[in-house]
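Peer 1: Residue numbers (the UniProt record's numbering): 1 to 124.
Just so you know, even glycine gets a beta-carbon here, dropped at the ideal spot from N, CA and C.
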């Protein structure tokens, strides 16, 4: 039950919680399925020199596994932090700035991780 004043101000549920819930569960399942291959890749990289690591990371299936893991984990991180920000920051301007900073940070982490993998796999 909402008062007419709440309807005018637009206060109340944004009706986006269910979508965030399912996206976070989807990324969690994706990370759960990808963690074993990622651990295997890390074990394969143990003790290798730069050329050996570049050869392993240059493989298309391994690159795809790592890229999918990076995307799933950064997306999961973005959703989780956004939920915390929306729940616990009550100043609207600070909330918007924090969500924007969270988005930029998560994109930067994903791009830096992908760049590092590509740089290492190219052998440069």
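Quick check on the DSSP output: the alpha helix (DSSP H) that includes residue 103 runs from which residue to which?
Peer 2: For the purposes of this step, residue 103 is identified with residue 103 of the chain shown, where counting begins at 1. Run containing residue 103: 92-122, per the alpha helix (DSSP H) assignment.
Peer 1: What are the boundary residues of the alpha helix (DSSP H) that includes residue 59?
Peer 2: Counting from 1 along the chain shown, the entry for residue 59 is found at position 59. That residue, residue 59, is in no alpha helix (DSSP H); it is neither H nor E in DSSP.
Peer 1: Among 99, 109, 83 and 69, which has the Cα closest to the Cα of residue 37?
Peer 2: In the chain shown, counting from the first residue as 1, residue 37 sits at position 37. Closest option to residue 37, Cα to Cα, is 69.
Peer 1: Exposed or buried, what is residue 33 when buried is set at 16 or more other beta-carbons lying within 10 Å of its beta-carbon?
Peer 2: Taking the chain shown and counting its residues from 1, one reaches residue 33 at position 33. With fewer than 16 other Cβ atoms within 10 Å, it is exposed.
Peer 1: Ordered along the chain, which non-local residues of its own chain (more than five positions away) have a Cβ less than 8 Å from that of residue 89?
Peer 2: Position 89 of the chain shown, counting from 1, holds the residue named residue 89. Excluding sequence neighbours, residue 89 sits near 95 and 98.
Peer 1: Does the Cβ of residue 40 lie closer than 7 Å to at least one heavy atom of the ligand SAM?
Peer 2: Although the ligand SAM was asked about, the structure shown includes no ligands whatsoever.
Peer 1: Residue 74 by DSSP, collapsed to three states: which one?
Peer 2: In the chain shown, counting from the first residue as 1, residue 74 sits at position 74. Note: residue 74 maps to helix in three-state DSSP.
Peer 1: Assign residue 23 to one of three DSSP states: helix, strand, or coil.
Peer 2: Translated into positions along the chain shown, residue 23 becomes position 23. In this structure, residue 23 counts as helix in the three-state DSSP scheme.
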